[in-house]
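This report refers to the structure that appears directly beneath it.
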Amino acid sequence: MRIDNPYDKQGTWLRGSFHNHTNNSDGWFSLETVYKMYADYDFLAISDHDKITKLDAKCRIPTVFEAIEVSSTKPHMLLVKPPHSIMEEYSNEFTIANYQRYADATIAHGGICVLVHPNRYFSNFWTIEDMLQMERYTGVEIYNGDGNVEYDIAFDKWDALLSAGRKVWGFGNDDSHVYGQEKQAWNMVLASENTHEAILNAIREGSFYVSTGYGFEAIRCEGSRIIIDLRSNALLDQMYKYVTLFGKDGKVLHEATGRMKRVEYECQGDEGYVRVNAYIEGGYAAFSQPLFITKD
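Note that this note's numbering has the sequence shown beginning at 215, numbered continuously upward.
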């Protein structure tokens with residue numbers, strides 16, 4: 215049995231969000247104000263609708279990324295580190311061919327592509343059929359910080375993609391537009407250093423998890439056993455946790471509750487993948503990337 219563990223590496227955990235807006239599109243705040251709101255983040259992307267915003271404001275955040283949210287009247291797509299050449303005769307029209315063209319150009323430029331808020335059924339959502347037609351994208355936004363549980367969480371579509379054999383990662387972002395939407399969801403990236411290249415390399419390898427306030431110390435493997443070390447300190451260790459491991463088709467593989475610091479799971483070889491959702495008192499959570507299981 216082989217377990218592909220994206221966390222089996224050395225690095226430093228870095229906190230950041232890739233999906234954030236300014237008043238250069240429909241956000242309330244200037245670029246400088248958005249930078250101040252996220253001043254304690256390790257990295258941040260500015261992803262205005264249908265524009266690559268010039269990142270020319272004073273900034274304390276160590277690493278900032280150019281980005282764009284391709285915003286048709288139907289699905290939206292986030293491109294981080296897109297080439298400026300995509301703005302030549304730019305169109306946000308949703309066709310698979312048009313979106314694929316922008317996705318491929320960004321990937322070739324060393325960037326990443328994320329299908330965002332796929333369950334926002336009242337407006338800009340993705341059908342699973344369209345998600346399966348798209349190719350070579352980096353991941354899907356599984357948690358959008360807009361705050362509406364009925365349409366901003368997308369584990370169902372993520373499991374459908376993974377179960378169909380797609381290797382796509384799960385992202386969490388604020389999609390911040392107005393005051394109060396900041397710091398609702400973020401990505402914790404295990405990177406070798408805080409640079410554009412190191413962060414994007416770690417993202418491509420799946421070496422990150424989504425957090426809304428809780429986290430993992432490490433996720434490691436010993437033989438066929440997956441060991442999840444939950445974030446731990448004197449206060450957190452006294453709090454109640456609820457941890458669920460999911461496999462192919464969203465099947466619940468294992469559940470654990472209590473005031474624990476570690477969860478272990480013995481793989482059988484037929485799971486397809488194992489991903490972890492961990493919650494702590496108050497509802498704060500952490501969501502791992504899948505560890506892919508291959509049976510010999």
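For glycine and all other residues, C-beta sits at the position ideal for the given N, C-alpha and C.
What do you reckon, are the CB atoms on valine 328 and threonine 352 nearer than 7 Å?
As a first step, residue 328 is located in the sequence shown; it is residue number 114 there, counting from the start. As a first step, residue 352 is located in the sequence shown; it is residue number 138 there, counting from the start. With respect to the 7 Å criterion, valine 328 and threonine 352 are classified as neighbours on the basis of their beta carbons.
Inspect the beta-carbon positions of proline 289 and tryptophan 227 and report whether they are closer than 7 Å.
Looking up residue 289 in the sequence shown gives position 75. Looking up residue 227 in the sequence shown gives position 13. No.
What whole-angstrom Cβ distance do serine 406 and glycine 225 have, given they're in contact under 8 Å?
Taking the sequence shown and counting its residues from 1, the one referred to as residue 406 is at position 192. Taking the sequence shown and counting its residues from 1, the one referred to as residue 225 is at position 11. Yes, they are in contact, since the Cβ atoms of serine 406 and glycine 225 sit about 5 Å apart, within 8 Å.
So, using beta-carbon positions, are aspartate 264 and histidine 235 closer together than 7 Å?
Along the sequence shown, read from residue 1 onward, the residue named residue 264 stands at position 50. Along the sequence shown, read from residue 1 onward, the residue named residue 235 stands at position 21. Result no, Cβ atoms of aspartate 264 and histidine 235 do not sit closer than 7 Å.
Closest Cα partner of serine 438 within the set Asn333, Asn362, Asp484
Reading the sequence shown from its first residue, position 224 is the one you call residue 438. For the residues Asn333, Asn362, Asp484, the minimum Cα distance to serine 438 belongs to Asp484.
Would a C-beta distance cut-off of 7 Å place histidine 233 and leucine 292 closer than the cut-off?
One-based indexing of the sequence shown puts residue 233 at position 19. One-based indexing of the sequence shown puts residue 292 at position 78. Yes, these two residues count as a Cβ contact at 7 Å.
By Cβ distance, which residues of its chain are closer than 8 Å to alanine 271, with the 5 residues on each side in sequence left out?
Mapped onto the sequence shown, residue 271 falls at position 57. Answer for alanine 271: Ser244, Leu245, Glu246, Tyr249, listed in chain order.
My parser needs the beta strand (DSSP E) runs of 3 or more residues fully inside the region 269-335; what are they?
Runs found: 277-285, 290-294, 326-330.
Pairing CB atoms from the region 373-388 with CB atoms from the region 491-507, are three or more of them under 8 Å?
yes
Candidates Thr458, Gly486, Glu480, Arg476: which alpha carbon is nearest tyrosine 493's?
Your numbering for residue 493 matches position 279 in the sequence shown. Minimum Cα distance to tyrosine 493 is reached at Thr458.
Excluding the 5 residues flanking aspartate 443 on each side, which residues of the same chain have their C-beta closer than 8 Å to its C-beta?
Sequence index remark: in the sequence shown, residue 443 carries index 229 (1-based). Counting only Cβ-Cβ distances below 8 Å, and skipping sequence neighbours, we find Phe430, Glu431, Ala432, Ile433, Arg434, Lys475, Arg476.
Identify whether tyrosine 479 lies in helix, strand or coil by the three-state DSSP scheme.
Position 265 of the sequence shown, counting from 1, holds the residue named residue 479. Three-state DSSP puts tyrosine 479 in a strand.
Per-residue burial, lysine 455 [other beta carbons within 10 Å of its own, 16 or more giving buried]:
What you label residue 455 is simply residue 241 of the sequence shown in a count that begins at 1. When all chains shown are included, lysine 455 counts as buried.
Just to check my reading of the structure: phenylalanine 422 and methionine 402 have Cβ atoms closer than 8 Å, yes? What is that Cβ distance to the nearest angstrom?
In the sequence shown, the residue the question calls residue 422 occupies position 208. In the sequence shown, the residue the question calls residue 402 occupies position 188. 6 Å between Cβ atoms; contact.
First through last residue of the beta strand (DSSP E) which encompasses tyrosine 487
Stepping through the sequence shown from its first residue, residue 487 is reached at position 273. That run of the beta strand (DSSP E) goes 487-494.
Suppose the cutoff is 7 Å on Cβ atoms and the five residues either side in sequence are ignored; what does the same chain contact list for leucine 404 look like?
Taking the first residue of the sequence shown as 1, we reach residue 404 at position 190. Tyr221, Lys223, Gly225, Trp227, Ala416, Ser421, Phe422, listed in sequence order.
Apart from the five residues just before and just after asparagine 167, which ones in its own chain have a Cβ nearer than 8 Å to its Cβ?
The structure shown does not extend to residue 167, since the chain is modelled only from 215 through 510, so no value can be given for it.
Need the endpoints of the alpha helix (DSSP H) that tryptophan 372 sits in, please.
The residue labelled residue 372 in the question sits at position 158 within the sequence shown. Taken as a continuous stretch (DSSP letters only), the alpha helix (DSSP H) holding tryptophan 372 covers 369-377.
Using a Cβ-Cβ cutoff of less than 7 Å, which residues in the same chain neighbour asparagine 312 once the five nearest sequence positions on both sides are dropped?
On the sequence shown, position 98 is the one that residue 312 refers to. Correct list, in chain order: Ser305.
Just to confirm my understanding: we take tyrosine 498, look at its own chain, exclude 5 residues before and 5 after, and list those with CB closer than 6 Å. What are they?
Within the sequence shown, residue 498 is the residue found at index 284, counting from 1. Closer than 6 Å at the Cβ level, and outside the excluded window around tyrosine 498, lie Thr426, Gly427, Tyr428.
For phenylalanine 460: DSSP bridge partner residues
The residue labelled residue 460 in the question sits at position 246 within the sequence shown. In the DSSP output, where bridge partners are listed per residue, phenylalanine 460 has Val466, Arg489.
When you compare each of Lys268, Glu307, His298, Ile300 to serine 285 by their alpha carbons, which one comes out closest?
Counted from its first residue, the sequence shown places residue 285 at position 71. Nearest C-alpha to serine 285: Glu307.
Grab me the residues of valine 392's own chain with a C-beta within less than 6 Å of its C-beta, minus the 5 sequence neighbours each way, in chain order.
Position 178 of the sequence shown holds residue 392. Cβ neighbours of valine 392 beyond the five flanking positions: Trp242.
Determine the closest residue to alanine 281 out of Val363, Lys371, His410, with distance taken between C-alpha atoms.
Counting from 1 along the sequence shown, the entry for residue 281 is found at position 67. The option with the nearest alpha carbon to alanine 281 is His410.
Can you have a look at phenylalanine 279 and say buried or exposed, based on whether 16 or more other CB atoms are within 10 angstroms of its CB?
Against the sequence shown, residue 279 aligns to sequence position 65. Per the 10 Å Cβ criterion, buried.
Top-ranked residue by Cα proximity to proline 297, from Tyr316, Glu303, Glu283, Thr287
For the purposes of this step, residue 297 is identified with residue 83 of the sequence shown, where counting begins at 1. Closest by alpha carbon: Tyr316.
List the endpoints of the continuous alpha helix (DSSP H) containing tyrosine 365.
The sequence position of residue 365 within the sequence shown is 151, counting from 1. Run containing tyrosine 365: 363-366, per the alpha helix (DSSP H) assignment.
DSSP state of aspartate 264, grouped into three classes?
Within the sequence shown, residue 264 is the residue found at index 50, counting from 1. Coil at aspartate 264, not helix or strand.
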